[in-house]
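So the sequence shown is residues 0 to 178, counted in numbering that gives the first Met the number 0.
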Amino acid sequence: MLFKSIVASLFSLSLAGSTFALPVAIQAGGALQRRAFPLQAYADFQISDTPAGNAQAEAEAVFVKPFEGIDLATVSDEDRDNVEAMRSLAEKAETEQFNPAIDAASGEEADALQRGKIKNKVLKLTGISQVRKIDLAKAQAAGKSTASIETKLADSQKKLAKNIATDKASAGLDAKGVV
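Rendered as structure tokens:
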């Protein structure tokens with residue numbers, strides 16, 4: 000009986016300990032700082048294999064939702080750099096994989112790859128917009144000039160809106176990724 004009580008107590012403590020070990024927001028200079036945004040391989044976050052029309056929500060799930068409720072000025076440099084690295088992987092997939100695959104394909108396969116490429120562009124542009132929003136928040140918090148960042152962000156968001164509209168125009172049609 001005593002053994003069962005000890006085992007139950009240890010089990011309860013191990014569960015509590017594992018809860019405390021989860022990545023959570025931490026205090027940094029009086030503000031909450033975002034827990035780690037893990038760097039992922041392109042194959043693990045790409046969105047090009049699902050039907051067209053929902054790229055905006057899918058891209059936001061990758062790059063925006065993880066930062067909901069977090070003051071972007073407090074995002075760690077590592078997390079910001081992970082977003083940038085993943086955005087760069089999406090851009091590399093566009094230029095080094097999508098473009099040659101589209102050139103080599105024909106008919107519906109080429110069309111599906113093009114729709115996948117548009118979804119990938121939405122992903123890439125959502126990522127760069129998020130990086131620029133983080134940079135903007137950090138610059139504002141530091142009292143630095145933000146004009147250049149604001150211009151770059153507006154440009155990214157203009158391109159993003161165009162690609163979201165293109166994706167929505169193909170809603171429901173098959174899209175094909177390159178991984």
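Ideal Cβ placement from N, Cα and C applies to all residues, glycine included. Being a predicted model, the structure only gives us computed values, none of them experimental.
Which of helix, strand or coil DSSP assigns to I117 | Taking the sequence shown and counting its residues from 1, the one referred to as residue 117 is at position 118. If DSSP states are grouped into helix, strand and coil, I117 belongs with the helices.
Within 10 angstroms of the Cβ of E107, are there 16 or more other Cβ atoms? Answer buried if so, exposed if not.
-> Looking up residue 107 in the sequence shown gives position 108. Result: exposed.
Hey, how far is the Cα of A20 from the Cα of D70?
-> Mapped onto the sequence shown, residue 20 falls at position 21. Mapped onto the sequence shown, residue 70 falls at position 71. Low confidence applies here, because A20 scores a pLDDT of 36, under 50, leaving its location unreliable and the question unanswered by this model.
Distance CB(L159)-CB(L135) smaller than 9 Å = Locating residue 159 in the sequence shown gives position 160, counting from the first residue. Locating residue 135 in the sequence shown gives position 136, counting from the first residue. It is not a contact, given that the beta carbons lie outside the stated cut-off.
Go ahead and pull the three-state DSSP assignment for D173.
-> Translated into positions along the sequence shown, residue 173 becomes position 174. D173 falls in the coil class under three-state DSSP.
Can you give the beta carbon distance from A109 to I101, rounded, assuming they're within the 8 Å contact cut?
-> For this step, residue 109 is matched to residue 110 along the sequence shown. For this step, residue 101 is matched to residue 102 along the sequence shown. With a Cβ gap of about 6 Å, A109 and I101 count as contacting.
Reduced DSSP secondary structure (H/G/I, E/B, other) of N53 = Here residue 53 corresponds to residue number 54 of the sequence shown, with the count starting at 1. Coil at N53, not helix or strand.
Looking at the unbroken alpha helix (DSSP H) that takes in E149, where does it start and where does it end?
-> Here the question's residue 149 lines up with position 150 in the sequence shown. 146-168 is the span of the alpha helix (DSSP H), which, as asked, contains E149.
Contacts around A42, its chain only, beta-carbon distance under 6 Å, and the 5 residues preceding and following it disregarded | By one-based count along the sequence shown, residue 42 stands at place 43. Result list for A42: V178, in chain order.
From the DSSP output, in three-state form, read off S179 for me.
-> Nothing about residue 179 can be reported from this structure: the residues present for the chain run from 0 to 178 only.
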